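Asks: When we follow our numbering, the leftmost residue of the sequence shown carries the number 151, and every step to the right adds one.
C-beta: ideal position from N, C-alpha, C; glycine also.
This structure is a prediction, so every number in the text was calculated from the model and none was measured.
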Amino acid sequence: MGIAEVISNHLAGGVSKIGAAEARELVRIGAEKTDKLKALNKSDQAKWFAQRDINYIRNYHEKDRVANKKRKLYTSSLLTDWDILGLTFDSFVPRPESVAHVNRAKKWAKVLAQGEHHGRFVMFGTAGTGKSWLSASIANYVNTYSSAYKRQQVVLYLSATRIGDLAKLVKSNSFGKEAESARKQWQVVMDAVKGRQIKQFDPSVGHDISFRQDFANLIVIDDLGRENKSGSNAEHFKSLMFDLLDAIHKDASIIVNSNYTMAELSSMYDNDGALTSRMFTTKQEQILDFRSLPMFRATEN
Ligand SMILES: Nc1ncnc2c1ncn2[C@@H]1O[C@H](COP(=O)(O)OP(=O)(O)OP(=O)(O)O)[C@@H](O)[C@H]1O
Ligand SMILES: [Mg+2]
């Protein structure tokens, strides 16, 4: 239901459509007559109330929209381990060797949450050095704080292993329950990546213009290259990755983390760079090299 429809329902007495608590709030707003208001004639008073209601309903919808965008991280991500979405910059005390990496990641998080800069960010190097931890911390930071900076960003966390698993089913000619469910899951991801296509009349040009709203602003691709080790079909994976990367909005950011260097990944996927050029950057300040760090992950026993 659009705002106009909510308002007209409300003005026609159909307040139940917006919920009891909201209806009570509207009544409360209407009840507080100020002296200034009393001085207005009846028609201006009515306009004043209508405007207050419109503002109220707008805010109400904005809150809803923020919550919906925030939820996308949990409803549309592809994860092997859901605990990852609980990680923040405070989850671990950074090892001294990694303090510079952590600080750089915090800087990226802030810039991305502010929503004024977008681009490609890459973390690569040794296993167990905090690439997934820091990628997830950035994702959580942006998801939690972006609304306080400027506007709520839509964040998605996509594990390359899961993309590889889905690719096998989505891109093969297989049918049946498993393939059907994989296609549905992939559709959820793609819908979140693309956002909504809106058509709206633009009086300045005199016709409808269409644009995308609520598209994903930040997409993390975790552990790129790992899908290769877990036996994913390389052609199917590449094909699904092309679909994904082409759907990502031009104003969105991508963070990729991997055990492999960018050169290794480029030769793994392509020789002309068609796939990797969509994800990689040459800006040194947007690349974190973890190769010199020792593995921090606690090994069993
Ligand atoms: N800088 C760090 N300071 C403290 N602990 C860390 C740090 N980096 C990693 N760890 C520990 O190691 C674990 C593994 O980290 P993480 O999964 O982020 O590594 P990774 O670089 O993504 O590894 P992989 O390449 O295998 O995916 C963390 O859960 C944490 O316990
Ligand atoms: Mg990792």
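Using 10 angstroms around the beta-carbon of Met391, count the other beta-carbons present and answer buried if the total reaches 16, otherwise exposed.
Replies: Classification for Met391: buried.
Asks: How far does the alpha helix (DSSP H) with Asp341 in it extend, from its first residue to its last?
Replies: First-last of the alpha helix (DSSP H) with Asp341: Lys327 to Lys344.
Asks: Starting from the C-beta of Gln302, find all residues in its chain whose C-beta is less than 7 Å away, skip the five residues before and the five after it, and write them out in chain order.
Replies: Closer than 7 Å at the Cβ level, and outside the excluded window around Gln302, lie Val216, Lys219, Lys220 and Ser296.
Asks: If we ignore side chains and look at the alpha-carbon of each, how far apart do Tyr206 and Ser354 end up?
Replies: If you take the alpha carbons of Tyr206 and Ser354, they lie about 28 Å apart.
Asks: So the candidates are Lys321, Asp341 and Ala342; which of them puts its Cα closest to the Cα of Ala332?
Replies: Taking only the C-alpha atoms, the option nearest Ala332 is Lys321.
Asks: Answer yes or no: the CB of Ala277 versus the heavy atoms of ligand 2, is any distance below 8 Å?
Replies: True, at least one ligand heavy atom lies under 8 Å from that Cβ.
Asks: Below 8 Å, is the gap between the Cβ of Asn290 and the nearest heavy atom of ligand 4?
Replies: Ligands in the displayed structure: ligand 1 and ligand 2; ligand 4 is not one of them.
Asks: Since I believe Lys281 is in contact with Met273 (beta carbons under 8 Å), could you give me their beta-carbon distance rounded to a whole number of angstroms?
Replies: Correct: roughly 5 Å between the Cβ atoms.
Asks: Opposite Asn407 in the DSSP bridges: which residues?
Replies: Met273, per the DSSP bridge assignment.
Asks: How do the segment 325 to 343 and the segment 252 to 269 stand: do at least 3 beta-carbon pairs fall below 8 Å, yes or no?
Replies: Too few Cβ pairs lie closer than 8 Å, so no.
Asks: Which residues in the same chain have their Cβ closer than 8 Å to the Cβ of Thr432, if we skip the five residues on either side of it in sequence?
Replies: So no residue of the chain qualifies.
Asks: Where does Ala181 fall in DSSP's three states?
Replies: Model confidence at Ala181 stands at a pLDDT of 49, short of 50, so the residue's coordinates are unreliable; what they give is reported in the following sentence. Ala181 falls in the helix class under three-state DSSP.
Asks: Would you mind working out which of Gly278, His251 and His268 sits nearest His399, comparing C-alpha positions?
Replies: Looking at the Cα atoms, His268 is the closest of the given residues.
Asks: When the Cα of Ile371 is compared with those of Thr294, Ile288, Gly278 and Ser241, which residue comes out closest?
Replies: Of the listed residues, the one whose Cα sits closest to Ile371 is Ile288.
Asks: Please report the distance separating the alpha-carbon of Phe361 from that of Ala397.
Replies: Phe361 and Ala397: Cα-Cα distance of roughly 14 Å.
Asks: Thr279 and Met445 look like a contact to me (Cβ under 8 Å); what is the Cβ gap, rounded to whole Å?
Replies: Indeed they touch by this definition, with Cβ atoms about 6 Å apart.
Asks: From Gln363, Asn378 and Glu330, pick the residue whose C-alpha is nearest to that of Lys349; which is it?
Replies: Checked all of Gln363, Asn378 and Glu330; the closest Cα to Lys349 is Gln363.
Asks: Considering only heavy atoms of ligand 2, does any lie closer than 8 Å to the CB of Ser287?
Replies: Ser287: no, Cβ never under 8 Å from ligand 2.
Asks: What separation, rounded to the nearest whole angstrom, lies between the Cα atoms of Ser285 and Asp203?
Replies: Rounded to whole angstroms, Ser285 to Asp203 spans 42 Å at the Cα level.
Asks: In three-state DSSP terms, what is Gln303?
Replies: The answer is coil: DSSP assigns Gln303 none of H, G, I, E or B.
Asks: Using a 10 Å radius around the Cβ and a threshold of 16 neighbouring Cβ atoms, would you call Gln347 buried or exposed?
Replies: So Gln347 ends up on the exposed side.
Asks: Along the alpha helix (DSSP H) that carries Ile234, what are the first and last residues, could you check?
Replies: Where Ile234 is concerned, there is no enclosing alpha helix (DSSP H), given that its DSSP letter is neither H nor E.
Asks: Alpha carbon to alpha carbon, how far is Tyr210 from Met429? Give it in angstroms, no decimals.
Replies: Between Met429 and Tyr210, the C-alpha separation is close to 37 Å.
Asks: If you draw a straight line from the alpha carbon of Ala250 to that of Glu328, how long is it in whole angstroms?
Replies: Near 44 Å, if we compare the C-alpha coordinates of Glu328 and Ala250.
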